[in-house]
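First up is the structure itself, then whatever we jot down about it.
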Amino acid sequence: GPGAVILGIESSCDETGAGLVRLTDGGPELLGHELASSSDQHARFGGVVPEIASRAHLEAMTHTVRTAFVKSGVKPGEIDAIAVTSGPGLAGALLVGVAAAKAYAAAWEVPLFGVNHLAGHVAADTLEHGLLPKPALALLVSGGHTQLLRIDDLAGGITEIGTTVDDAAGEAYDKVARLLGLGYPGGPIIDQLAATGDPTAIRFPRGLTGPQDSRYDFSFSGLKTSVARFVEGIERTGGTVPVEDVCASFQEAVADVLTAKTVRAATDLGIGTVVIAGGVAANGRLRGLAADRCAAVGVHLRIPRPGLCTDNGAMIAAVGAHVVTAGARPSSPFLTGNPAMS
Ligand code: KG4
Ligand code: ZN
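In UniProt numbering, the protein residues as written are 8 to 349.
Shown next as structure tokens:
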């Protein structure tokens, strides 16, 4: 019931996260969280190396959990439940968080819930803006996922409406950053460089927006190839690549398709609230264009602050809060593709 304190543990990719939330009638309240990242160790490979990520989780886990307790002022004895990401994600990475969560749950004699990472990204928004109206439409855009989800219940009622047929939006950012020699993760770097570029300089393709194309699915691999061809063309003639303009024009193409399809789905389905979540939701242009386009059709837009958009433990604790509120039975999590998806 209200007042219950939940620990959330995240380890699906390259961020080790621990967060503490308290259940209130208005939704989960963030008490504090801590993150450790192995992103530096993956930088020279241009993407996450699973084995490196798993080892880094193992090194960081206990310290990260301990620091989350210190930051939030909560004592382990005050915990009422633990939630841990059980999928989707890298198996070896997930395993570290699940094993740690099982050990804590056994030691502290509290129930344990395996929760869905994607639900976590959406639940992050409830830490900042309170409970979601039912239904809500979520655009989840991260390094591994690009999905339009109808959210009837964060504790299990999630239906996929559209998804990427190839690269995820964040993956496209990372690949384009790599081909421009900008480093990893590419999203924040491109976001920053795009600020001084011209978004209309190059007209890059908008995937799956033809009249015969799927209304709600996405494709970013053609866009990535188009950027690669453009850059190669300039390099072949010995010219200088206008990096800021390429970043701004690429970013415009991504934000354009993501927001157009999201607003279309909200309108088609008669859903009045849109949540944008996941690492790419930190993107400045996506946030701005989504605000304009949602306002134009009278749809309420919610986006968590950038610090809660990327992977973290607080968002997993937030799903835990919804699961506990729904009266779910504790599970002994095993690794699954999409736990708690309808
Ligand atoms: O949600 P997240 O932290 O991890 C996954 O579950 O994948 O998302 C990471 C992704 C990376 O691809 C990163 O490049 C992208 O989010 N990203 C951004 C920005 N910040 C992070 N993409 C565009 N603009 C940003 N500001
Ligand atoms: Zn994520």
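For each residue, glycine too, the CB sits at the ideal point set by N, CA and C.
Practice problem: State the start and end residues of the unbroken beta strand (DSSP E) segment that holds F257. | Solution: Taking the sequence shown and counting its residues from 1, the one referred to as residue 257 is at position 250. That residue, F257, is in no beta strand (DSSP E); its alpha helix (DSSP H) goes 250-276.
Self-check item: Per DSSP, the bridge partner or partners of G94
Solution: Locating residue 94 in the sequence shown gives position 87, counting from the first residue. Answer is N123.
Exercise. Taking only heavy atoms of ligand 1 into account, decide whether any of them is closer than 8 Å to the Cβ of N123.
Key: Here residue 123 is taken as the residue at index 116 of the sequence shown, counted from 1. For ligand 1, not one heavy atom lies less than 8 Å from the Cβ of N123.
Quiz prompt | Contact set for S45: own chain, Cβ-Cβ below 7 Å, skip 5 residues either direction | solution = If you number the sequence shown from 1, residue 45 lands on position 38. D21, I59, A60, A63.
Practice problem: Work out the CA separation of V129 and I86 for me, nearest whole Å. | Solution: Here residue 86 refers to the residue found at position 79 when the sequence shown is read from its first residue. Here residue 129 refers to the residue found at position 122 when the sequence shown is read from its first residue. Each residue's Cα considered, the two are about 23 Å apart.
Quiz item: Name the DSSP bridge partner or partners of L144?
Solution: In the sequence shown, the residue the question calls residue 144 occupies position 137. Per DSSP, R157, V281.
Quiz item: If you draw a straight line from the C-alpha of R336 to the C-alpha of T269, how long is it?
Solution: On the sequence shown, residue 336 is found 329 positions in, with the first residue counted as 1. On the sequence shown, residue 269 is found 262 positions in, with the first residue counted as 1. The alpha-carbon atoms of R336 and T269 are separated by roughly 34 Å.
Quiz item: So, helix, strand or coil for S44, using DSSP?
Solution: In the sequence shown, the residue the question calls residue 44 occupies position 37. Looking at S44 - three-state DSSP - the assignment turns out to be strand.
Exercise. Consider the C-beta atom of D318 and the heavy atoms of ligand 2; say whether any pair is separated by less than 8 Å.
Key: Position 311 of the sequence shown, counted from the first residue, corresponds to residue 318. Within the cutoff, so yes.
Quiz item: With a CB to CB cut of under 8 Å and the five nearest residues on each side skipped, what residues in its chain are close to T71?
Solution: Along the sequence shown, read from residue 1 onward, the residue named residue 71 stands at position 64. The beta carbon of T71 lies closer than 8 Å to those of T23, G24, A25, E41, L42, A43, G320 in the same chain, with the five residues before and after it left out.
Quiz item: Among A145, L293, W115, which has the Cα closest to the Cα of I197?
Solution: Taking the sequence shown and counting its residues from 1, one reaches residue 197 at position 190. Residue nearest to I197 within the set A145, L293, W115 is L293 (criterion: CA-CA distance).
Self-check item: Collapsed DSSP secondary structure at E66 in the structure displayed
Solution: For this step, residue 66 is matched to residue 59 along the sequence shown. When DSSP states are grouped into helix, strand and coil, E66 belongs to the helix group.
Quiz prompt | C-beta atoms of T280 and L139 nearer than 9 Å | solution = Looking up residue 280 in the sequence shown gives position 273. Looking up residue 139 in the sequence shown gives position 132. Cβ atoms of T280 and L139: closer than 9 Å.
Exercise. Round the Cβ separation of T133 and A303 to the nearest angstrom and send it over; I've been treating them as touching at under 8 Å.
Key: Residue numbering aside, residue 133 sits at position 126 when the sequence shown is read from its first letter. Residue numbering aside, residue 303 sits at position 296 when the sequence shown is read from its first letter. Beta-carbon to beta-carbon, T133 and A303 are separated by about 25 Å, too far to satisfy the 8 Å threshold.
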